[in-house]
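Visitor: This note's numbering numbers the first residue of the sequence shown as 1042 and each following residue consecutively.
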Amino acid sequence: MRRSALFQLVTGLEAPGVSQQDGSRTGAPTAAQANERNDHFVVRNGVRCAGAHLIIDLYEAERLDDIDHIEETLRCCVAAANATLLHIHLHHFEPNGGVSGVAVLAESHISIHSWPEASYAALDVFMCGNANPDACVPVLREAFKPERVAVSVLLRGQGA
């Protein structure tokens, strides 16, 4: 990434300030203010949060050394989740053939780390807004044919 682009990303993270005449600190937004802002927070299981972060383990899985297959699978996950792909970067390790990488999304990311010698892959799927991270699980099952899948869900940014 160009240095100027990184600078733009970092400087663009500042939240607009709210000034008050009496100098008191600004507290949490009211419910009406939260509904008006476009922060891409979601409500999941009745909890308002920044998004759902799925931690996915694939056991006895196939094709974990096939970087082209992994890239296509990540693209299918993005489409199934109705997310917005910004960039994919994958690295193929030798001699075991494992792959590590990330699909960077407007809604956050999908990452994968595979150990083909152990038939194991670890994935993170974190999405905010209208994207549906749960839609990635069936795609991963179909693509890698694991004997067992373990999924944990973290609701990020609760109370923010």
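Even glycine gets a Cβ: it sits at the ideal position worked out from N, Cα and C.
I need the boundaries of the alpha helix (DSSP H) containing Arg1116, first residue and last residue.
Guide: Per DSSP, Arg1116 belongs to the alpha helix (DSSP H) from Ile1108 to Ala1121.
Visitor: How about Ala1176 and Ala1122: are their beta carbons less than 7 Å apart?
Guide: Taking 7 Å as the Cβ cut-off, Ala1176 and Ala1122 qualify as a contacting pair.
Visitor: Output needed for Ser1160: all residues of its chain with C-beta closer than 6 Å, excluding positions within five of it in sequence on either side, in chain order.
Guide: Same-chain partners within the cutoff: Glu1101 and Ala1102.
Visitor: Across the region 1149-1167 and the region 1105-1116, are there enough close Cβ pairs to call them in contact, namely three or more that are closer than 8 Å?
Guide: With a cut-off of 8 Å, the region 1105-1116 and the region 1149-1167 count as touching, because enough Cβ pairs lie within range.
Visitor: Could you give the first and the last residue of the continuous beta strand (DSSP E) run that contains Ala1093?
Guide: From DSSP, the beta strand (DSSP E) with Ala1093 extends over Gly1092 to Tyr1100.
Visitor: Between Asp1106 and the rest of its own chain, which residues show a CB-CB distance below 6 Å, the 5 nearest in sequence each way excluded?
Guide: These residues qualify, in order along the chain: Gly1138 and Pro1157.
Visitor: Which one of Arg1189, Val1145, Leu1099 and Leu1095 has the shortest CA to CA distance from Leu1205?
Guide: Look at the range of the chain in this structure, 1042 to 1201, and you will see that residue 1205 is not part of it.
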